[in-house]
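Worksheet for the structure shown next.
Protein chains: 2
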Amino acid sequence: MAGGIGSRFWPMSTIDCPKQFIDVLGCGKSLLQLTVDRFVGICPLENIWVLTSEKYASLVKEQLPMILEENILKEPCRRNTAPCIAYAAWKIKKRDPNANMVVTPSDHFVADVQEFRRVIKSSLGFVAGSDAILTLGIKPTRPDTGYGYIEAVLGDSSLSNKEVFRVDSFKEKPSLEIAEAYIAKNNFYWNSGIFIWNVSTIVNAFRIYQSPIASVFESLVPYYYTDDEQRLVNERFPECRSISVDYAIMERADEIFVFPADFGWSDLGTWMSLHCNAPKDVNGNAALNGKTSFVESKNCVVNTRGLKNVVVIGMDNCIVAENGGNLLVCRMSDEGMIKEFSEEK
Amino acid sequence: MAGGIGSRFWPMSTIDCPKQFIDVLGCGKSLLQLTVDRFVGICPLENIWVLTSEKYASLVKEQLPMILEENILKEPCRRNTAPCIAYAAWKIKKRDPNANMVVTPSDHFVADVQEFRRVIKSSLGFVAGSDAILTLGIKPTRPDTGYGYIEAVLGDSSLSNKEVFRVDSFKEKPSLEIAEAYIAKNNFYWNSGIFIWNVSTIVNAFRIYQSPIASVFESLVPYYYTDDEQRLVNERFPECRSISVDYAIMERADEIFVFPADFGWSDLGTWMSLHCNAPKDVNGNAALNGKTSFVESKNCVVNTRGLKNVVVIGMDNCIVAENGGNLLVCRMSDEGMIKEFSEEK
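Protein chains in written order, with the working numbering: chain A, 2 to 346; chain B, 2 to 346.
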């Protein structure tokens, strides 16, 4: 899924080139490219599908030249994750009704790619030939209030994979107090937004819990892989309600499972989390690209794209970002105000 | 005098375009242009001389198209103010041995131009036909440690201008404690670096107190206003020692006078003083050019030249400056470290 607009990272991320297309960690690859890299050895390239908008299709092609052009699916409008996933599921199912499917955001960070691959492979084994809906939970390292939580039922030894647990409930982003209570227990995990299932399982789940969305993509079955597909998707996709797959399916279905994983994950949803995962100097300063000098400064994060040199003197916990002639200087604790300034308010 | 390099204001001020050539106050005119404007009605344009380096001659021409090209004097190297002033004095004296002369830096700020003109006219009256060396003192408004001070002898009613006093001594930039003691008295003034004298007076003073410098410019008398002038200036000027007129003349000569003035002056020697004199919003934020939005910020100063938009969130007492692809973000209290980053270290 590569259709987001990344408004919280303005001006680094813009509506013309959002976060997933940017090398936000200064490692030489965009988050989208890193996401595809993580599936090397798990998924053949021809089985990788990128869901994005018309606007970003050329960026996807440019950044992922090895992906088949016909595997770049273009949503005519933004409808959150449920319609996006339904489109991919119905289309893949037409070709292979027994396909197993991993759904992943393209703007997250994973530190331990080897462990990620092990978890994904093990997860695919769990869902293959079963009707399990599996979500990756992340073992929490702090009472983060920026994530949703998954409550697992521990101690059920009947499951075929000893690392997998049945989900008791999904929890919204909590207050700090509640988050602290969650992590004091041992059965709460961060909701990563990464899902694994057999394509028939998710299609059935849509039929049961989101029949209007299911009707749209069912009606398009004759046209997938034909010259009429895009035209009809453009016509029918906007009919879908805008809803996340979490609300649409996960919180309603019964057979939901969680695989608690520990591969150093972040959704990079804030500058603070980006700062946390980026390479830093001894004073905690992260220069994500360009030539930056830090003097008497600590815990700053700098990402500039149109500048030659940046000098930061005497600043603490500060974000400096520049792109396309727009400059942001922001106290880290005030980053919630940034998206006011992005193009889409 | 327009030969300085303004290293304390990097990257706004650069070696290619120093402070005096920049609209640092965001008023639409450079400090050099504002300086010339202050002499309207006092000095005919053909009597305005600009001392600068070869490197900046074209910038001066561009910004001051009304100044005679032959009145732009080019120093072949930087030798501080004494040789610069001697060159101008000897050259002017050759044409008019009775000329009165005002020497002024071109990168200072004056708030009350009308009062400035009154003071200059009154000063010119005082030095005309006398051998007085007159300096403008500024009535101090705070115990500033960034300025030199002039101690005046009050109560001498023998002078022809009741606003003028004899100088007792010049004081180096003081500690805060000493500065406080100075302003507690009533006879200490900031040294503005603005001088008024008859051209014969200053030439004689150089002959007495700086005879090597005097010899250089005396030897060039046959060549001023000839085609050989620049070549010979280039040859001989570098022989002069680098010394300020304060050390070279003011602290040595006897007949030195001060005109205490009060026209809202600053040498704009620091970002803090620039911030102090610039137009500001209700929160004390100064956006000196470009489109800047301040959110939850106060007492910041922003000067960017190559950017479209600047957003400053949650910052206090912060300098944001950009020019030619260089960006500075600096806590105001750390501005002393800025010149480390200018091209001339």
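From the three backbone atoms N, C-alpha and C, an ideal C-beta is built for every residue, glycine too.
Could you say if the region 120-139 of chain A and the region 50-69 of chain A meet the contact criterion of at least three C-beta pairs nearer than 8 Å?
Not touching, per the Cβ criterion.
For chain B, find out if any of its Cβ atoms is closer than 9 Å to the Cβ of A:E76; answer yes or no.
Within the first sequence, numbered from 1, the residue matching residue 76 of chain A stands at position 75. Chain B, which has no Cβ nearer than 9 Å to the Cβ of A:E76, makes this no.
Could you pull the DSSP bridge partners for B:S158 from this structure?
Here residue 158 of chain B refers to the residue found at position 157 of the second sequence. None, per the DSSP bridge assignment.
What's the gap between the Cα of A:A288 and the Cα of A:L275?
Residue mapping note: residue 288 of chain A aligns to position 287 of the first sequence, counting from 1. Residue mapping note: residue 275 of chain A aligns to position 274 of the first sequence, counting from 1. One C-alpha to the other measures close to 11 Å.
Nearest by alpha-carbon distance to A:V302: which of A:P77, A:C331, A:N310 is it?
Here residue 302 of chain A refers to the residue found at position 301 when the first sequence is read from its first residue. Nearest C-alpha to A:V302: A:C331.
Could you check whether B:G7 and B:D145 sit closer than 9 Å to each other, using their CB atoms as the reference points?
Within the second sequence, residue 145 of chain B is the residue found at index 144, counting from 1. Within the second sequence, residue 7 of chain B is the residue found at index 6, counting from 1. In this structure, B:G7 does not lie closer than 9 Å to B:D145 by Cβ.
By a C-beta neighbour count over all protein chains shown, 10 Å radius and 16 as the cutoff for buried, is A:Q64 buried or exposed?
Stepping through the first sequence from its first residue, residue 64 of chain A is reached at position 63. Result: buried.
For A:W272, does the three-state DSSP call read helix, strand or coil?
Start at 1 with the first residue of the first sequence, and residue 272 of chain A comes out as number 271. Note: A:W272 maps to helix in three-state DSSP.
Identify whether A:P84 lies in helix, strand or coil by the three-state DSSP scheme.
The residue labelled residue 84 of chain A in the question sits at position 83 within the first sequence. Three-state result, A:P84: helix.
When you compare each of B:G29, B:S294, B:V165 to B:E152 by their alpha carbons, which one comes out closest?
Position 151 of the second sequence, counted from the first residue, corresponds to residue 152 of chain B. Here the closest residue by C-alpha is B:V165.
Could you please tell me which residues of the region 319-344 of chain A, in chain order, have their CB closer than 9 Å to any CB of chain B?
So the close ones are C319, I320, V321, E323, G325, G326, N327, L328, L329, V330, C331, R332, M333, S334, D335, E336, M338, I339, E341, F342.
Does the beta-carbon of B:T227 have 16 or more other beta-carbons within 10 angstroms, so that it is buried, or is it exposed?
By 1-based counting over the second sequence, the position of residue 227 of chain B is 226. By the 10 Å Cβ count, B:T227 comes out exposed.
Take B:E173 as the anchor and find which of B:G307, B:N192, B:E181, B:M338 has the nearest alpha-carbon.
In the second sequence, residue 173 of chain B corresponds to position 172, counting from 1. Among B:G307, B:N192, B:E181, B:M338, the Cα nearest to that of B:E173 is on B:N192.
Just to make sure I have the definition right: I need the residues of chain A whose C-beta is within less than 7 Å of the C-beta of B:K299. Which are they?
As a first step, residue 299 of chain B is located in the second sequence; it is residue number 298 there, counting from the start. In chain order: nothing, as chain A lies at least about 12 Å away.
Compute the Euclidean distance between the alpha carbons of B:A279 and B:V313, then round it to the nearest angstrom.
Position 278 of the second sequence holds residue 279 of chain B. Position 312 of the second sequence holds residue 313 of chain B. Rounded to the nearest angstrom, the two C-alpha atoms are 18 Å apart.
Give the straight-line distance between the Cα atoms of A:V311 and B:G326, rounded to the nearest whole angstrom.
For the purposes of this step, residue 311 of chain A is taken as residue 310 along the first sequence, with counting starting at 1. For the purposes of this step, residue 326 of chain B is taken as residue 325 along the second sequence, with counting starting at 1. So the alpha carbons of these two residues sit roughly 8 Å apart.
Quick one: measure Cβ to Cβ for B:G291 and A:D335, integer angstroms, because I've assumed they're closer than 8 Å.
Stepping through the second sequence from its first residue, residue 291 of chain B is reached at position 290. Stepping through the first sequence from its first residue, residue 335 of chain A is reached at position 334. The Cβ separation is near 21 Å, so there is no contact.
Rounding to the nearest angstrom, what Cα-Cα distance links A:G204 and A:V37 in this structure?
Numbered from its first residue, the first sequence carries residue 204 of chain A at position 203. Numbered from its first residue, the first sequence carries residue 37 of chain A at position 36. Correcting the residue type first, residue 204 of chain A is Val in the shown sequence and not Gly. If I take the Cα positions, the gap works out to 24 Å.
Would you kindly report the start and end of the unbroken alpha helix (DSSP H) that includes B:P261?
For the purposes of this step, residue 261 of chain B is identified with residue 260 of the second sequence, where counting begins at 1. Taken as a continuous stretch (DSSP letters only), B:P261 belongs to no alpha helix (DSSP H), being part of the beta strand (DSSP E) at 257-262.
So, with DSSP's three-state summary, where would you put B:I6?
As a working note, residue 6 of chain B is residue 5 in the second sequence. Of the three classes helix, strand and coil, the one that applies to B:I6 here is coil, per DSSP.
Compare the C-beta of B:V41 against all C-beta atoms of chain A and say whether one is closer than 9 Å.
Reading the second sequence from its first residue, position 40 is the one you call residue 41 of chain B. Output row for B:V41: interface = no.
Consider the Cβ of A:T305: report whether some Cβ of chain B lies at a distance smaller than 9 Å.
Numbered from 1 along the first sequence, position 304 holds the residue referred to as residue 305 of chain A. Closer than 9 Å to some Cβ of chain B, the Cβ of A:T305 qualifies, so yes.
Looking at A:A83 and A:R242, is the spacing between their C-beta atoms short of 9 Å?
Taking the first sequence and counting its residues from 1, one reaches residue 242 of chain A at position 241. Taking the first sequence and counting its residues from 1, one reaches residue 83 of chain A at position 82. Yes, the Cβ-Cβ distance between A:R242 and A:A83 is below 9 Å.
Buried or exposed, going by whether 16 or more other CB atoms sit within 10 Å of the CB of B:K20?
Here residue 20 of chain B refers to the residue found at position 19 when the second sequence is read from its first residue. That one is buried.
Check whether the region 207-215 of chain B and the region 242-251 of chain B touch, using three or more Cβ-Cβ pairs below 8 Å as the test.
Contact holds: three or more Cβ-Cβ distances are below 8 Å.
Grouping DSSP H, G and I as helix and E and B as strand, with all else coil, what is A:Y225?
On the first sequence, position 224 is the one that residue 225 of chain A refers to. In this structure, A:Y225 counts as coil in the three-state DSSP scheme.
Note down, in chain order, each residue of its chain lying with its Cβ closer than 6 Å to the Cβ of B:E353, except the 5 sequence neighbours on either side.
Missing from the structure shown is residue 353 of chain B; chain B here goes from 2 to 346 and no further.
What did DSSP end up calling A:I362 once you bin it into helix, strand or coil?
The structure shown does not extend to residue 362 of chain A, since chain A is modelled only from 2 to 346, so the question has no answer here.
With a threshold of 16 other CB atoms inside 10 Å of the CB of A:C78, please say whether the residue is buried or exposed.
As a first step, residue 78 of chain A is located in the first sequence; it is residue number 77 there, counting from the start. Label assigned to A:C78: exposed.
Helix, strand or coil for B:A163 per DSSP?
For this step, residue 163 of chain B is matched to residue 162 along the second sequence. Ala is not the amino acid found at residue 163 of chain B; the sequence shown has Lys there. Here B:K163 sits in coil by DSSP.
Pull out every residue of the region 173-205 of chain B whose Cβ sits closer than 8 Å to any Cβ of chain A, in chain order.
Answer set for the region 173-205 of chain B: empty.
Between A:N310 and chain B, is any beta-carbon pair separated by less than 9 Å?
Numbered from its first residue, the first sequence carries residue 310 of chain A at position 309. Yes, A:N310 lies at the interface with chain B (some Cβ there is under 9 Å from its Cβ).
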